[in-house]
Amino acid sequence: MKASEQSHCNRFCFNGGSCFECARDPYGLAQCVGCLCPQHLWAGERCEFRVGHGGSKSRADINFILACLFASLTILCACLVIHLYFKNRKQFAHSSTESQCFQFEINFVTVKNCVFWMRSPT
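Note that the working numbering has the sequence shown beginning at 1075, numbered continuously upward.
Right, here's the structure in full:
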């Protein structure tokens, strides 16, 4: 195999990995069959994945971010509900009611009838 082809195979592996076998593919081009990665540092077909910085740790980071987001949204919703409750309560306290009463007698019985209604807030 030519030096340029061997150099091509050696460039196939990343992060200090070395090509353990350089062979020709069906088209006659030099290809690296596999890489030897530095132990406990890199993994993958081309030594492209850092060991210990994938999978569960990044999953834990995602879970932490989602938990913080959920807690923030819950607090925001609670604040909105409290705000609306006090806003409506304040409007109800300031609105006045109006009434009209009628009093009449039927067969020596006095009847008093009152009608109440809320005045709409302005």
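Positions of the beta carbon are idealized from the N, C-alpha and C atoms, including for glycine.
Our two residues, residue 1160 and residue 1182, have alpha carbons roughly 49 Å apart in a direct line. With a threshold of 16 other beta carbon atoms within 10 Å, residue 1142 falls short and is exposed.
When DSSP reads this structure, residue 1109 sits in a beta bridge with 1093. For the pair of segments examined, the stretch 1084-1092 was found to touch the stretch 1109-1126: the number of CB pairs separated by less than 8 Å reaches three.
Apart from the 5 residues on each side of it in sequence, residue 1110 sits with its Cβ closer than 7 Å to the Cβ of 1091, 1092, 1094 in its chain, given in chain order. Spatial neighbours of residue 1177 in its own chain (CB-CB distance under 6 Å, excluding positions within 5 residues in sequence) are listed in chain order as 1186.
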